[in-house]
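Participant:
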Amino acid sequence: MRIVKVATCSLNQWAMDFDCNMKNIKESISGAKSAGAAIRLGPELEITGYGCEDHFLERDTISHAWECLKELLVGDWTDGILCSFGMPVLRGAERYNCQVLCLNRKIVMIRPKMWVANGGSCSELRWFTAWKQKEPLLDDFLLPTHVSEALSQTTVPFGYGFIQFLDTAVAAEVCMELFSPVPIHPELALNGVEVFMNASGSNHQVRKMDRRLRAITGATHGRGGVYMYSNHLGCDGGRVYYDGCSCIVVNGDVVAHGLQFSLKDVDVVVAQIDLNKVASLRDSNSSFREQASCKTKVPSVFVPYKLCQSFKLHTQFQLQLR
Numbered sequence: 031m032r033i034v035k036v037a038t039c040s041l042n043q044w045a046m047d048f049d050c051n052m053k054n055i056k057e058s059i060s061g062a063k064s065a066g067a068a069i070r071l072g073p074e075l076e077i078t079g080y081g082c083e084d085h086f087l088e089r090d091t092i093s094h095a096w097e098c099l100k101e102l103l104v105g106d107w108t109d110g111i112l113c114s115f116g117m118p119v120l121r122g123a124e125r126y127n128c129q130v131l132c133l134n135r136k137i138v139m140i141r142p143k144m145w146v147a148n149g150g151s152c153s154e155l156r157w158f159t160a161w162k163q164k165e166p167l168l169d170d171f172l173l174p175t176h177v178s179e180a181l182s183q184t185t186v187p188f189g190y191g192f193i194q195f196l197d198t199a200v201a202a203e204v205c206m207e208l209f210s211p212v213p214i215h216p217e218l219a220l221n222g223v224e225v226f227m228n229a230s231g232s233n234h235q236v237r238k239m240d241r242r243l244r245a246i247t248g249a250t251h252g253r254g255g256v257y258m259y260s261n262h263l264g265c266d267g268g269r270v271y272y273d274g275c276s277c278i279v280v281n282g283d284v285v286a287h288g289l290q291f292s293l294k295d296v297d298v299v300v301a302q303i304d305l306n307k308v309a310s311l312r313d314s315n316s317s318f319r320e321q322a323s324c325k326t327k328v329p330s331v332f333v334p335y336k337l338c339q340s341f342k343l344h345t346q347f348q349l350q351l352r
C-alpha cells in the first residue's frame, strides 16, 4: 500500500490584508501538520487575497507577497509537508496568477495559471497573463534577490509540468483550468500524475457547488486520481461571496468535504488515501493504458522525497460520503 494523508482548506482571506492572510495560512498549515498530512493545499491567490483588483498592477503587491512567502519558507512551516501557496508573480513584463509549490524550506516549482477566468464576476485578464509558452513548457525563473539569499536558491522551474516524487506524482490545476473545454488533468493523468491540486477562487452562485462536484468527480471517475479542491471563504472585501466547500475526491468518489458558508476563518479538510486504488483503476482500464502509450510528454521536476507512509494495521481510510 502507498498511504498518503492530504489536507485542503477554505480560508477567509482579505484583499491586501497580508497579516490576516498569513495568520490564516499558518493556522491551516498547523492543522494539516497536526493531522499528519503530507500535502497542504490553499486557495487561489491566498497570500494577497483574490479580490485585490487593480492593486495587482502595483509592484508593491507582488513584493509584499514575496516577503510573505519568504517568511513561510525561512520558518519551519514547510518542513515535511508539500505546500501549495497562491500568489501573483512577475516574470519580465508578464504578471501571472501562480501556485508556488514548496517543500522543506525550498521552492520546488512555480506553476502559472494557463487559462484565466474572464467572465461573470471575474476579470483576470485585466491583471494577469495566461501561460501559453510551448517551448520549453518548463523554464527557469530567477528568484528575487532577497528571497534567493534567504533560501540559498537562485532559480526555480516555472511553467507547465508536474512534480515526480519517489512514490507518486503531484500536479496543480488552477481553478478555471478544470472547467475549460480542454482541461489539462487528462494529459497529466496519462503522464502518471496521481494527485491533483486545484486552488480556486470560486464565488457562490445557486447550484454552483453541484456543478463543481460534477466536474471534480468526473475528472477522476474514469481515469483515476486524487483530486484536492480548495476555495476561499467570505467576502474578501469585494462584491461577491465565497462559500468554501473545499473537498477531496478519489476515483470519482467524494471522501471528504468542507463546510459551505462556514463562519470560521480556517476550515481544514483531511483524508487518508491508499494511492494503490488509483493505480488499480488505471491498470484495469485498457483504453487508459493504450492512450498512455502514445501520450504527449509533460515535463516533470524530480524530488528525491517520499510523501507516502508505511501501512499499519490500525490505519483507517476515508470512505465515500453519502
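Taking the numbering used here, the leading residue of the sequence shown gets 31, the next gets one more, and so forth.
Virtual Cβ for every residue (Gly too), placed ideally from N, Cα, C.
Computed from a prediction, not measured in an experiment: that's the story for all the values here.
1) Determine the closest residue to M258 out of N228, R312, P211, with distance taken between C-alpha atoms.
2) Could you give the DSSP three-state label for A65: helix, strand or coil?
3) Using a Cβ distance threshold of 8 angstroms, determine whether the stretch 181-198 contacts the stretch 328-345, with at least three qualifying pairs required.
4) Report the option in N315, A67, V308, G252 whose CA atom is closest to the CA atom of T38.
5) List, from N- to C-terminal side, the alpha helix (DSSP H) runs of 4 residues or more that fit wholly inside the stretch 243-290.
6) For the alpha helix (DSSP H) holding E320, just list the boundary residues, first then last.
7) Given a threshold of 16 other Cβ atoms within 10 Å of its Cβ, counted over all protein chains shown, does E320 qualify as buried or as exposed?
8) Can you check whether the CB of L133 is closer than 8 angstroms to the CB of Y335?
9) Once you ignore the five residues that flank Q183 on each side, which residues in its own chain have a CB closer than 7 angstroms to its CB?
10) Give me the Cα-Cα distance between C275 and S316, rounded to the nearest whole angstrom.
11) Taking the CB atoms as reference points, tell me whether S114 and L168 lie closer together than 8 angstroms.
12) Rounded to the nearest angstrom, how far is the Cβ of W145 from that of M206, given a contact under 8 angstroms?
13) In three-state terms, what does DSSP make of S182?
14) Checking 8 angstroms against the spacing of the C-beta atoms, do C98 and I77 come in under that value?
15) Relative to the C-alpha of G110, which residue among K342, V36, L289, S153 is closest?
16) Beta strand (DSSP E) containing R89: first to last residue?
17) At 3 residues or longer, and completely inside the stretch 148-199: list those beta strand (DSSP E) runs for me, N to C.
Facilitator: Reading off the structure:
1) Of the candidates N228, R312, P211, N228 places its Cα closest to the Cα of M258.
2) Shown here, A65 sits in coil according to DSSP, grouped into three states, outside any helix or strand.
3) Yes: at least three Cβ pairs fall under 8 angstroms.
4) The option with the nearest alpha carbon to T38 is A67.
5) If only complete runs of 4 or more residues are kept, the stretch 243-290 shows no alpha helix (DSSP H) anywhere.
6) Run containing E320: 316-322, per the alpha helix (DSSP H) assignment.
7) E320 is exposed by the Cβ-count criterion.
8) With respect to the 8 angstroms criterion, Y335 and L133 are classified as neighbours on the basis of their beta carbons.
9) Counting only Cβ-Cβ distances below 7 angstroms, and skipping sequence neighbours, we find K136, I137, L173.
10) Computed Cα separation, rounded: 34 angstroms.
11) No. Outside cutoff.
12) Contact flag correct, Cβ pair sits at about 5 angstroms.
13) In the three-state reduction of the DSSP assignment, S182 falls in the coil class.
14) In this structure, C98 lies near I77, with their beta-carbon atoms less than 8 angstroms apart.
15) That would be V36, whose Cα lies nearest to the Cα of G110.
16) Per DSSP, R89 belongs to no beta strand (DSSP E); it is in the alpha helix (DSSP H), 89-104.
17) The qualifying runs are 168-172, 185-189, 192-194.
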